[in-house]
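What follows is a set of notes on a single structure, which appears directly below.
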Amino acid sequence: MWTGVIPAVTTKFKEDGSLDHAEMERCFGLQMDAGCDGIIVCGSLGEGPMLSQDERIEVLKRAQSVTKGKPTLMTVSEAGTREACALAAKAAQAGATGLMVVPSPIYHTNPAETVETLRAVAAAGDLPVMIYSNRIAYRVDVTPEIMEELAPDSRFVAIKESSDDIRRTTEIINRLGDRYAVLTGVDNLAFEALTVGACGWVAGLVVAFPEETVAIYRLVKAGRYEEALKIYRWFRPLLDLDVSTYLVQNIKLAEALAIGSTEHVRAPRKPLSGARRAEVEAIVRKAIEARAALPLAA
80 MWTGVIPAVT TKFKEDGSLD HAEMERCFGL QMDAGCDGII VCGSLGEGPM LSQDERIEVL
140 KRAQSVTKGK PTLMTVSEAG TREACALAAK AAQAGATGLM VVPSPIYHTN PAETVETLRA
200 VAAAGDLPVM IYSNRIAYRV DVTPEIMEEL APDSRFVAIK ESSDDIRRTT EIINRLGDRY
260 AVLTGVDNLA FEALTVGACG WVAGLVVAFP EETVAIYRLV KAGRYEEALK IYRWFRPLLD
320 LDVSTYLVQN IKLAEALAIG STEHVRAPRK PLSGARRAEV EAIVRKAIEA RAALPLAA
């Protein structure tokens, strides 16, 4: 369950700010139709911190209705360990396949606190856990040393590697072998990570361009690097939109243009406007115009 392309999906809202279940079902279905290998809900791209815990469970259940047995993971990213444990337990009760866990995004835990927090959340959910290591966004580096300390607990099974240092994938594998499934979490480092040993891709722009994302992954795994690289080079300007303070608005605009979805976001976010909107729209439209047929048997 910890391989392949696993979209970190956006959460869909109606104009009044309520959850848009019908649009989520449609968009999640497009991911499954393209051959994605699961879904992660309520992460940063899914505006999880803007949702109540009950809303997050609703989104999880909506995804479960579409994934039909493929992994459906809940993101746990709470300021306090108590709240993180509560969400983990709720997700388990709701039938989540596993958890993607972020140490507190508000308080920047030291290594001992990071270990204790991750262990507490894993115990509360008693589900397989993907550790989300993102020192850029969350200011906490879950290092290979920390991963090794957590390794005796079999609930820790995977790493979403988002350190923004391509060397980290190799460092994890060199230190820990196949103890963890290592998935890349940085869209514009995906080809590089997959070619040095990452077994999966927790992807963002996949929500707007699912076929291309799946094709890159499958071509790399088949050793068809030149074909994969050709698509990746076309994709790179789009993938760069994931590495931004405005990644949610960027990607929702890409969804609107590519798959006819909506751009509604939760306040304090607002949809893109002005020069920033024009810039992103130009990138997306240019990519759509240059879209090529994908190789067969990808």
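Take the sequence shown: its position 115, counting from 1, is numbered 194 in our numbering, and each next residue is one higher. A virtual CB, placed ideally from N, CA and C, is assigned to each residue, including glycine.
Query: Please confirm if the stretch 329-342 is in contact with the stretch 82-96, defined as three or more CB-CB distances below 8 Å between the two stretches.; Result: yes
Query: Let me know if Lys365 comes out buried or exposed under the rule of 16 or more other beta-carbons within 10 Å of its beta-carbon.; Result: exposed
Query: In three-state DSSP terms, what is Pro86?; Result: strand
Query: If the criterion is Cβ atoms closer than 8 Å, does the pair Phe107 and Ile118 meet it?; Result: yes
Query: For my contact list, Leu326 and Leu124 are in at a C-beta cut-off of 8 Å; report their separation, rounded to the angstrom.; Result: 6 Å
Query: Write down every uninterrupted run of the alpha helix (DSSP H) in the stretch 316-348 whose length is 4 residues or greater and which is fully enclosed by it, in chain order.; Result: 326-338
Query: Just the Cα atoms here: how many angstroms apart are Asp99 and Arg254?; Result: 44 Å
Query: In terms of residue numbering, what span does the alpha helix (DSSP H) encompassing Tyr259 cover?; Result: Element bounds for Tyr259: n/a, residue is neither H nor E.
Query: Around the C-beta of Asp116, are 16 or more other C-beta atoms found within 10 angstroms, so that it is buried, or is it exposed?; Result: buried
Query: In this structure, how does DSSP classify Val221 when only helix, strand and coil are distinguished?; Result: coil
Query: Return helix, strand or coil for Asn189, following the three-state DSSP convention.; Result: coil
Query: So, with DSSP's three-state summary, where would you put Leu284?; Result: helix
Query: Answer yes if the stretch 222-230 comes into contact with the stretch 170-187, meaning at least three C-beta pairs across the two stretches below 8 Å, and no otherwise.; Result: no
Query: Kindly indicate which residue of Asp205, Pro128 and Thr274 has the alpha-carbon position closest to the one of Arg345.; Result: Pro128
Query: Work out the CA separation of Pro184 and Ala170 for me, nearest whole Å.; Result: 19 Å
Query: Suppose you measure from the CA of Gly310 to the CA of Tyr296; what does that come to, to the nearest Å?; Result: It is Ile, not Gly, that sits at residue 310 in the sequence shown. Cα-Cα distance, rounded: 10 Å.
Query: Assuming Val155 and Val181 make a contact with CB atoms under 8 Å, what is their CB distance in whole Å?; Result: 7 Å
Query: Roughly how many angstroms separate the alpha carbons of Val261 and Lys300, rounded to a whole number?; Result: 14 Å
Query: Which residues does DSSP pair with Val120 in a beta bridge?; Result: Met153
Query: Excluding sequence positions up to five away, which residues of its chain have a Cβ less than 7 Å from the Cβ of Ser323?; Result: Asn329
Query: Given Arg258, which residues of its chain have a CB within under 6 Å of its CB, disregarding the five upstream and five downstream residues?; Result: Ala230
Query: Output needed for Ala163: all residues of its chain with C-beta closer than 6 Å, excluding positions within five of it in sequence on either side, in chain order.; Result: Val155, Glu157 and Val200
Query: Between the alpha carbons of Ala307 and Leu298, how many angstroms are there, rounded?; Result: 5 Å
Query: Given Gly204, which residues of its chain have a CB within under 7 Å of its CB, disregarding the five upstream and five downstream residues?; Result: Ala167, Ala168, Ala170, Ala171 and Leu178
Query: Can you have a look at Gly148 and say buried or exposed, based on whether 16 or more other CB atoms are within 10 angstroms of its CB?; Result: exposed
Query: Quick check on DSSP: helix, strand or coil for Ile245?; Result: coil
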